[in-house]
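Those protein sequences? They're chains A and B, same order as listed.
Position in the first sequence counted from 1, then plus 76, gives you this note's numbering.
Position in the second sequence counted from 1, then plus 31, gives you this note's numbering.
Ideal Cβ placement from N, Cα and C applies to all residues, glycine included.
Because the structure is a prediction, the values reported are computed rather than measured.
Worksheet: the structure to be examined is printed underneath.
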Amino acid sequence: MLSKRIIPCLDVRDGRTTKGIKFKNNVDIGDPVAMARHYYEAGADELVFYDITASSDRRDIMIEVVRQVAAAILIPFSVGGGIRNLQDMRAVLLAGAEKVSVNTAAMLEPNLIAAGARDFGSQCIVLGMDVKKVASSEAIPSGYEMVIHGGRTPMGIDALWWAQEAERLGAGEICLNSIDADGTQAGYELTLTRMISAAVSIPVIASGGAGTPEHLAEVLTTGRADAALIASMVHYGTYSIQEIKDYLQQRGIPVRLLW
Amino acid sequence: MIAIIDYGAGNLSSVANAFRAIGQQALITDNYRDLDKAAGIVLPGVGAFGDSMAMLRRLNFVEALTDQVIGQGKPYLGICLGLQFLARESHEHGVHPGLGWIEGAVRRLAPADKRFRVPHIGWNNVEVDNPCPLFAGLSPEPIFYFVHSYHLVMEETESSLLTSACYHGEKVTASVRRGHIFGVQFHPEKSQREGLLLLTNFTRVVYGEERDAQKTSHTGAHTARRLGGAEHPV
Chain A
77 MLSKRIIPCL DVRDGRTTKG IKFKNNVDIG DPVAMARHYY EAGADELVFY DITASSDRRD
137 IMIEVVRQVA AAILIPFSVG GGIRNLQDMR AVLLAGAEKV SVNTAAMLEP NLIAAGARDF
197 GSQCIVLGMD VKKVASSEAI PSGYEMVIHG GRTPMGIDAL WWAQEAERLG AGEICLNSID
257 ADGTQAGYEL TLTRMISAAV SIPVIASGGA GTPEHLAEVL TTGRADAALI ASMVHYGTYS
317 IQEIKDYLQQ RGIPVRLLW
Chain B
32 MIAIIDYGAG NLSSVANAFR AIGQQALITD NYRDLDKAAG IVLPGVGAFG DSMAMLRRLN
92 FVEALTDQVI GQGKPYLGIC LGLQFLARES HEHGVHPGLG WIEGAVRRLA PADKRFRVPH
152 IGWNNVEVDN PCPLFAGLSP EPIFYFVHSY HLVMEETESS LLTSACYHGE KVTASVRRGH
212 IFGVQFHPEK SQREGLLLLT NFTRVVYGEE RDAQKTSHTG AHTARRLGGA EHPV
C-alpha cells in the first residue's frame, strides 16, 4: 500500500538554512547538508528545499548545496524558489535533485510546465501553489485565489482552475500552500486541500499550518492529501518524525516505519 | 567495476552515490566500450521511452548490451526505464520498440479508482512473488520509492519472471528477473536502507560468492550505523 509521505521543508538563503532550528544532538543548525542528513536518518520520506536567496547571481551557491545534499541522502528531494526557466531546472536536476518546484514563473509563463515536462518528464515538475481564501466571484469562482509575495499580491487566477490547468500542461505533482494557514500551526486548510485533491489526479502535497500530528492525520484523511509538508513542528524539536509517524499509524494511516 | 550507462537522460549521480554508500566502485559512462571492462551493468533512467531508446541506439549501447548481457552473460540491473527497456515495445507517446528481452509491453497505469493517482509517486511495499537473490535479507514486504506513470505488462507466458509486485489500484510490476537480467520499477538508489541492501545483493550476483563475505561486513556496518539511532517497531 502506498504510504503517506512526511516531508520536512527547509528554507535556504545564501546557502544556509534560515530558521532558528534547535536540535538536541550536534547538528550544525545552519548547514542544509547536515540538516538533510539529520532528517534522512530521522525517517523523513522526502525533503523540500526552498531557495529564498534574493540575488540571482548567488544561485550557484544553491546548486552546490544541492550537489552536496544529493551525496548525503538516499531519499528523493525537490528544490524550489527562483526557478525561472528550463536552464534553472536543468541545473538543479543535474546537481542531483529529483524534482523542481515552479510557482510564480509558471503563472507568468504556463508553457514552462509543458516544456519542463517534455524535457525532464512530468515526475520532475512540481507545481507550487500559494493560495488565499477570498470571496467567491466571477473571476475566482472557487473562492480561492493564487497569490505571490507571501500573499501580498493577488494574481487574479482561480486556484482550482490553475491546478487543473497545470495538470493538463504536464505537472506531475502539486505542492499546495495555504497562505492563511501558513505559520499559524493551527492546522492545514482542509477545505482547500480536499477541493484541489478531488479535482486533479496527480498527487497533492499539503502545506501550511502543521502544528500537531493530528493536523497531519486530518489533512491526509479528510483533506485527501497524499503527502504533508512540515516545518516548525520538527525544526523546533516539538515533535520527532518518529512520533508523528507512530501517531499516524495508530490512526490507521499507512506510513513508512522502517528506514 | 560496475558500469552505469549514461545516455543523456539526466542525473545519474544518485545511482553512483548509492553504490559509493555501499563501498562499491561504479563508473558512469556514455562510451559503450567501457561495458567490456565492467563486471556488471546498471541502466538507470527516468524520461521518455522513445527518446531514450533512440539515444541508446545512437550511442551503440543496444548492440553492446546485447553482446555483453545476452552474449557474455554479464549481470544487468535496469532501474525504472531500465526495466521497461527489456520489453518488446512501449506504448508511451506512440509505440516504440524496446530491447525485446522479455515478451511484454510497457503500458500506462490505469487504476479504475481515481483515488489512486498517476504518476504513482511515493513509498510502496512490494510483495515478493518469486524468489530472487536481490531480495535476500530484506524484510518480507520491503518498501521502495516509486515514481512512474507506465509499467511493464508481461505476456502470460512470462509470468514466472515476475519477482515482485505492488498494488496501486491495480497490480503493478515492481521487479522482474530472467536469469542474470534484473529489472526494478522502483528506485533502490532513493530507497534508503532496503534500497542499499538490494544494490548490495546485486553486487553479490555480479562478483559471486568469494567477494561476498568481505562485502557483507562492510555494508552490514554501514546499515547498522544508520539504523543505530532510532528504534523501529517493525
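Close beta carbons around residue i, own chain, < 6 Å, minus the five adjacent residues each side
i	result
A/A303	R81, I83, I281
A/C85	V124, L305, A307
B/G102	none
A/Y315	M309
A/V74	Limits of chain A in this structure are 77 at one end and 335 at the other, which puts residue 74 of chain A out of reach.
B/V93	L87
A/G156	Y126, S177, G204
Among the options, nearest to residue i - alpha-carbon criterion
i	options	result
B/V207	B/R235, B/P164, B/T231, B/G239	B/P164
A/T267	A/E294, A/P330, A/P152	A/E294
B/G235	B/A70, B/P75, B/W154, B/A95	A quick correction: the sequence has Arg, not Gly, at residue 235 of chain B. It is B/A70.
A/I272	A/G226, A/Y315, A/G204	A/G204
B/D160	B/S190, B/G135, B/R138	B/S190
B/N156	A/G328, A/L296, A/S79, A/Q325	A/S79
A/S154	A/A130, A/D206, A/G287, A/D121	A/D121
A/D133	A/R270, A/D164, A/V178	A/D164
B/H179	B/T194, B/G153, B/E187, B/M32	B/G153
A/D206	A/S218, A/P230, A/Q199	A/P230
B/V203	B/D144, B/L229, B/L140	B/L140
B/D144	A/I278, A/A112, A/P289, A/G299	A/I278
A/L334	B/L193, B/M185, B/L169	B/L169
A/T129	A/G119, A/A110, A/I159, A/M111	A/I159
A/A262	A/E243, A/L245, A/W238, A/L292	A/L292
A/A173	A/F196, A/A191, A/N187	A/F196
A/R194	B/A79, B/A52, B/F50, B/D98	B/A79
A/S177	A/A242, A/C251, A/S213, A/A191	A/C251
B/R209	B/R89, B/M185, B/Y238, B/H218	B/M185
A/N187	A/K209, A/Y264, A/E290, A/E243	A/E243
B/F166	B/T188, B/L229, B/H211	B/L229
Chain-order list of residues whose beta-carbon lies under 7 Å from that of residue i (same chain, five-residue window excluded)
i	result
A/D322	none
A/A171	I139, V142, R143, A146
B/G251	With a pLDDT of 38 at B/G251, under the threshold of 50, the modelled position of that residue is not reliable, and no figure is offered here.
B/S45	E220, K221
B/A118	G129, I133, G135, A136, V137, L183
A/R113	A148, I149
A/M77	P330
A/A301	T269, S273, V280, I281, A282, V295
8 Å contact criterion, which residue i and residue j should meet: CB distance rounded
i	j	result
B/G109	B/G214	4 Å
A/A167	A/I139	6 Å
B/I59	B/D37	5 Å
B/E123	B/Y181	5 Å
B/N42	A/L162	So it is not a contact: roughly 15 Å between Cβ atoms.
A/G119	A/Q326	About 16 Å separates the two Cβ atoms, so there is no contact after all.
A/A257	A/G285	3 Å
B/I33	B/Q55	6 Å
B/A27	B/L227	Residue 27 of chain B lies beyond the residue range present for chain B, which begins at 32 and ends at 265; the question has no answer from this structure.
Rounded separation between residue i and residue j - CA only
i	j	result
A/A274	B/E120	33 Å
A/Y220	A/A247	20 Å
A/L236	A/T260	23 Å
B/Q77	A/I255	In the sequence as presented, Gln is not what sits at residue 77 of chain B; that position holds Val. For B/V77 and A/I255, the distance between alpha carbons rounds to 33 Å.
A/E249	A/V202	5 Å
A/V276	A/Q240	6 Å
B/D61	B/W132	22 Å
A/N253	A/V223	10 Å
B/N91	B/F116	15 Å
A/T94	A/G106	7 Å
A/A181	A/G91	22 Å
B/T302	A/L184	Given a span of 32 to 265 for chain B in the structure shown, any question on residue 302 of chain B remains unanswerable.
A/T269	A/L296	9 Å
B/E241	B/F233	Any reading at B/E241 is ruled out, since the residue's pLDDT is 40, under 50, leaving its predicted position unreliable.
B/L66	A/G287	52 Å
B/A244	A/V331	Only weak support is given to the placement of B/A244: the predicted model assigns it a pLDDT of 39, under 50, and the value that follows is read from those uncertain coordinates. For B/A244 and A/V331, the distance between alpha carbons rounds to 34 Å.
B/V12	B/K68	Residue 12 of chain B cannot be examined here, being either before or after the span of chain B that is shown, 32 to 265.
B/T194	B/Y107	15 Å
B/F50	B/A57	7 Å
B/V237	B/P75	17 Å
B/L114	B/L192	12 Å
Nonlocal neighbours in the same chain, by C-beta distance under 8 Å from residue i, ignoring five residues either side
i	result
A/Y344	Nothing can be reported for residue 344 of chain A: it is not among the residues displayed for chain A, which extend from 77 to 335.
A/A215	G232, D234
B/N48	E220
B/G125	G81
Residue i CB to nearest heavy atom of the ligand FMN below 7 Å
i	result
B/Q103	This structure lacks the ligand FMN; in fact it carries no ligand of any kind.
Taking three-plus beta-carbon pairs below 8 Å as touching, is the region 190-208 of chain B in contact with the region 142-151 of chain B? When C-beta atoms of the region 190-208 of chain B are compared with those of the region 142-151 of chain B, three or more pairs fall below 8 Å, so the two segments count as touching.
If we count Cβ pairs, one from each stretch, closer than 8 Å, do we get three or more for the region 220-230 of chain B versus the region 168-175 of chain B? Yes, the region 220-230 of chain B touches the region 168-175 of chain B.
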